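Enquirer: Line order of the protein sequences matches chains C and U.
Counting along the first sequence from 1, when you hit position 322 you're at 448 in the working numbering, and nothing is skipped either side.
Counting along the second sequence from 1, when you hit position 40 you're at 232 in the working numbering, and nothing is skipped either side.
The beta-carbon is built from N, C-alpha and C at its ideal position, and this holds for glycine as well.
The structure presented is a predicted model; accordingly, all values stated were derived computationally and were not measured.
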Amino acid sequence: MATREFAYLSIRELGQLLRSGETTPTELVEYCIDRLETVGRRLNAVVTVTRERALREARLAEAELASGLDRGPLHGIPYGAKDLIAAAGYPTTWGAEPLREQRFDFDATVVAKLRDAGAVLVAKLGTVELAGGMGYEQPNASLTGPGLNPWNLEAWSGGSSSGPGSAVGAGAVPFALGSETWGSILTPSSYCGVSGLRPTYGRVSRYGAMVLSWTLDKIGPMCRSADDCGLVLEAIAGPDRNDPSTLPTPFRYQPEREPAHGFRIGVLEESLETAQPEVRANFETALEVLSEFARLEPVTLPDFPFNETARIILSAEAASAFEDMLDSGIFMGLTAPEDRTGGYAGLAIPAVDYLRAMRIRRQARSALGALLERYDAIVHPATAVVASPLSMRFDDYAGKGRRLPLGSAGNLAGLPAISVPNGFGERGLPTGLQFVGAAGSENRLLAVARAYQERTDWHLRRPPL
Amino acid sequence: MSEERVDGEIERRLAGLRERFPERFTQPQWQEIREDLEQLAKAAATLRRRPLGNADEPDFIFVP
Chain C
127 MATREFAYLS IRELGQLLRS GETTPTELVE YCIDRLETVG RRLNAVVTVT RERALREARL
187 AEAELASGLD RGPLHGIPYG AKDLIAAAGY PTTWGAEPLR EQRFDFDATV VAKLRDAGAV
247 LVAKLGTVEL AGGMGYEQPN ASLTGPGLNP WNLEAWSGGS SSGPGSAVGA GAVPFALGSE
307 TWGSILTPSS YCGVSGLRPT YGRVSRYGAM VLSWTLDKIG PMCRSADDCG LVLEAIAGPD
367 RNDPSTLPTP FRYQPEREPA HGFRIGVLEE SLETAQPEVR ANFETALEVL SEFARLEPVT
427 LPDFPFNETA RIILSAEAAS AFEDMLDSGI FMGLTAPEDR TGGYAGLAIP AVDYLRAMRI
487 RRQARSALGA LLERYDAIVH PATAVVASPL SMRFDDYAGK GRRLPLGSAG NLAGLPAISV
547 PNGFGERGLP TGLQFVGAAG SENRLLAVAR AYQERTDWHL RRPPL
Chain U
193 MSEERVDGEI ERRLAGLRER FPERFTQPQW QEIREDLEQL AKAAATLRRR PLGNADEPDF
253 IFVP
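1. Considering ALA192 of chain C, what are the terminal residues of the alpha helix (DSSP H) in which it resides?
2. Can you pull out the residues from the segment 522-540 of chain C whose beta carbon lies closer than 7 Å to at least one beta carbon of chain U?
3. Name the residue from C:CYS355, C:GLN380 and C:ALA535 whose alpha carbon lies nearest to the alpha carbon of THR435 of chain C.
4. Tell me where the alpha helix (DSSP H) around MET484 of chain C begins and ends.
5. Put PRO199 of chain C into one of helix, strand or coil per three-state DSSP.
6. Looking only at its own chain, which residues have a Cβ that is under 8 Å from the Cβ of ALA128 of chain C, when we skip the five neighbours before and after it?
7. Closest Cβ-Cβ distance between GLU203 of chain U and chain C: below 8 Å?
8. Within the 8 Å Cβ cut-off, does GLU249 of chain U reach chain C?
9. Does the beta-carbon of ASN246 of chain U have 16 or more other beta-carbons within 10 angstroms, so that it is buried, or is it exposed?
10. What distance in whole Å lies between the Cβ atoms of TYR317 of chain C and VAL512 of chain C, which are believed to be in contact at a cut-off of 8 Å?
11. Looking only at DSSP bridge pairs, what is ASN71 of chain C linked to?
12. Cutting at 8 Å between CB atoms, please list the residues of its own chain near ARG383 of chain C, excluding the five before and the five after it.
13. Output the residue ranges of the alpha helix (DSSP H) runs that lie fully inside the segment 239-324 of chain C and measure 4 residues or longer, sorted by chain position.
14. So which residues of chain U does PRO431 of chain C contact, with C-beta pairs closer than 7 Å?
15. By the 8 Å beta-carbon criterion, what residues does the segment 478-501 of chain C contribute toward chain U?
16. Determine which residues share a DSSP beta bridge with VAL425 of chain C and list them.
17. Work out the CA separation of LEU247 of chain C and ARG241 of chain C for me, nearest whole Å.
18. Judging by CA-CA distance, which residue of C:PRO325, C:VAL299, C:LEU394 and C:ASP366 is the nearest neighbour of ARG350 of chain C?
19. Given GLY566 of chain C, which residues of its chain have a CB within under 7 Å of its CB, disregarding the five upstream and five downstream residues?
20. Which residue or residues does DSSP assign as beta-bridge partners of HIS506 of chain C?
21. Please classify GLN560 of chain C as buried or exposed, where buried requires at least 16 neighbouring CB atoms within 10 angstroms.
22. Given ALA447 of chain C, which residues of its chain have a CB within under 6 Å of its CB, disregarding the five upstream and five downstream residues?
23. Please classify ILE544 of chain C: is it buried, with 16 or more other beta-carbons within 10 angstroms of its beta-carbon, or exposed?
24. Could you tell me the distance, in whole angstroms, from the CA atom of LEU191 of chain C to the CA atom of GLY273 of chain C?
25. Taking DSSP as the reference, what is the three-state secondary structure of ASN433 of chain C?
26. Can you tell which of C:GLY328, C:ARG332, C:GLY244 and C:ASP450 has the C-alpha that lies nearest to the C-alpha of GLU183 of chain C?
27. Should the segment 340-348 of chain C be regarded as contacting the segment 580-591 of chain C, the criterion being three or more beta carbon pairs within less than 8 Å?
28. DSSP three-state label for ARG229 of chain C, please.
29. With 16 other CB atoms within 10 Å as the buried threshold, where does ASP233 of chain C fall?
30. Straight-line CA distance for PHE213 of chain U to LEU571 of chain C?
31. Return yes when the Cβ of ARG576 of chain C is within less than 8 Å of the Cβ of PRO428 of chain C, no when it is not.
32. Hey, is LEU572 of chain C's beta-carbon within less than 8 Å of any beta-carbon in chain U?
33. Looking only at its chain, what residues have a beta carbon closer than 6 Å to the beta carbon of VAL172 of chain C, apart from the 5 residues adjacent to it on each side?
34. Within 10 angstroms of its Cβ, does LEU195 of chain C collect 16 or more other Cβ (buried), or is it exposed?
35. I want to verify the contact list: residues of chain U whose CB lies under 8 Å from the CB of GLU464 of chain C, in sequence order.
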């Protein structure tokens, strides 16, 4: 039964329908599977629909809710996971054609945690091959083809969490799990008009997910709103003995304990000259909205070579994580020609270069921490441009300045960030607003984003599908 | 590091990779790898311009 419209409802709205008996987990799952098989496939957002597991989990949720066992706000809610996150028995391709048949016999910790919270896995969603770690330079870099943008089918979805961005943006799933090493949650969230949260490094276990960079990888939610991101984060966060990077304390999403106004926000204006005019204009308009509930002050980032430091660390760790596969030659079967050679230079990075980058990283993290002590968040455009046309290489569309410094700075320091929609740019494509906070400050960051979304409706807009 | 020394370093690294993967790549692919090596060498050169003291530790902690 797919005659009712569930596509763009929030997790809380779906939860109300489930608890009032107006729908069931099975109906929601069938609706999402139908939309994934049609709209999702058209967008190249789907690798595998996990139909049998989804229907089994939905029937269980249905029985539990009927018997009075309520596992919380995600109980009976369908979701998708980026296909570098393992789900027992199903292919986990890492987006790579040579790994099309790769399977794991266990659930990643995040999938297990969502199962325990009653959420229902309906699909493994598309990703740029190897999370983009081989240096792809254009959209066609996945075994499922280029991720298409629900707002404009001639535009890219962003990456590397391309499937989660497209699927949530198209209303094919209420939420999805993405991952970010350097921009891979915030970029597709911004490009596809969804709300995406990059948690503090160590907040969420990566066990069972592909490693690109041990010290940079994070898993986080991509949703319809900041509030939904909070609900999902609480379910997936927490210590895990299988991931030594995880923080020792659990995370509780506590919107009721956060203020709704009176925030202090630092406005980062550097690099705005590299942004498209519509991105700049939407940013200026968003600042006017923020000024209704926050005190805004100009800030500058401490002076560090953020991009170069991140480049060395990511390249060295990726080369080490994939060394056996690079040796084997298996990557010669990757989709993007540049990805067949892109990982090899990292094998030749001297240890002293990596260590120097890690020494500078410590200083940079300390300086950023001192800056963020004074603010609830720093705000900046999530991306300098809207999604590029499918036919263009990224640098040809956006120029070399496409990597905004706050992206590398925030990822190097392990800081949480959220991208929320704040308007539209050229070719009818969404733009995003990025808030970055101090390590561990997700509740405050989400409060700022919620306050913005209470005054705007960009996150409620629907693409013309 | 001077420009000549950077170029020499890139050639040494490229030679090491050619020795490790003698049959793997075409000439245009080796050129792509060389360009990647150049980018990493430039990034490393940028990092070397930032002064560090003897006691400046890397950002990870060894836990015995």
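Expert: The structure says:
1. Per DSSP, ALA192 of chain C belongs to the alpha helix (DSSP H) from 177-192.
2. For the segment 522-540 of chain C, which is checked against every Cβ of chain U, not one residue is closer than 7 Å.
3. In terms of CA proximity to THR435 of chain C, C:ALA535 leads the group C:CYS355, C:GLN380 and C:ALA535.
4. MET484 of chain C -> alpha helix (DSSP H) spans 477-498.
5. The three-state secondary structure of PRO199 of chain C, taken from DSSP, is coil.
6. In this prediction, ALA128 of chain C scores a pLDDT of 45, lower than 50, which makes its location untrustworthy; the coordinate-derived value is nonetheless stated afterwards. Cβ within range, chain order: GLU156, TYR157, ASP160 and ARG161.
7. Not an interface residue.
8. Cβ-Cβ to chain C under 8 Å: yes for GLU249 of chain U.
9. So ASN246 of chain U ends up on the exposed side.
10. The Cβ separation is near 7 Å, so the contact holds.
11. This structure gives no information on residue 71 of chain C, because the portion of chain C shown stretches from 127 to 591.
12. Excluding sequence neighbours, ARG383 of chain C sits near ASN569.
13. Counting only runs of 4 or more, we get 288-295 and 312-318.
14. THR238, LEU239 and ARG242, listed in chain order.
15. Those residues of the segment 478-501 of chain C that come within reach of chain U (Cβ to Cβ, closer than 8 Å) are ASP479, LEU481, ARG482, ALA483, MET484, ARG485, ILE486, ARG487, ARG488, GLN489 and ARG491.
16. According to DSSP, which records beta bridges pairwise, VAL425 of chain C is partnered with C:LEU394.
17. Rounded to the nearest whole angstrom, the C-alpha separation of ARG241 of chain C and LEU247 of chain C is 8 Å.
18. Nearest C-alpha to ARG350 of chain C: C:VAL299.
19. Its chain contains THR326 as the residues whose beta carbon lies nearer than 7 Å to that of GLY566 of chain C, once the 5 sequence neighbours on both sides are disregarded; these appear in chain order.
20. Paired residues: C:GLN560.
21. The residue in question, GLN560 of chain C, is buried, as its Cβ has 16 or more Cβ neighbours within 10 Å.
22. VAL337.
23. Counting Cβ neighbours within 10 Å, ILE544 of chain C comes out buried, since at least 16 surround it.
24. LEU191 of chain C and GLY273 of chain C have their C-alpha atoms spaced approximately 36 Å apart.
25. Look at ASN433 of chain C here: in three-state DSSP terms it is helix.
26. Taking each of C:GLY328, C:ARG332, C:GLY244 and C:ASP450 in turn and checking the Cα distance to GLU183 of chain C, the smallest one comes out for C:GLY244.
27. No: fewer than three Cβ pairs fall under 8 Å.
28. Secondary structure at ARG229 of chain C: strand, using DSSP grouped into helix, strand and coil.
29. Buried is the label assigned to ASP233 of chain C, since at least 16 other Cβ atoms lie within 10 Å of its Cβ.
30. Between PHE213 of chain U and LEU571 of chain C, the C-alpha separation is close to 47 Å.
31. It is not a contact, given that the beta carbons lie outside the stated cut-off.
32. Not closer than 8 Å to any Cβ of chain U, the Cβ of LEU572 of chain C fails to qualify, so no.
33. Same-chain partners within the cutoff: LEU162, GLY166 and ALA249.
34. The residue in question, LEU195 of chain C, is exposed, as its Cβ has fewer than 16 Cβ neighbours within 10 Å.
35. Neighbours of GLU464 of chain C in chain U, taken as residues at a C-beta separation under 8 Å, are given in chain order as GLU224.
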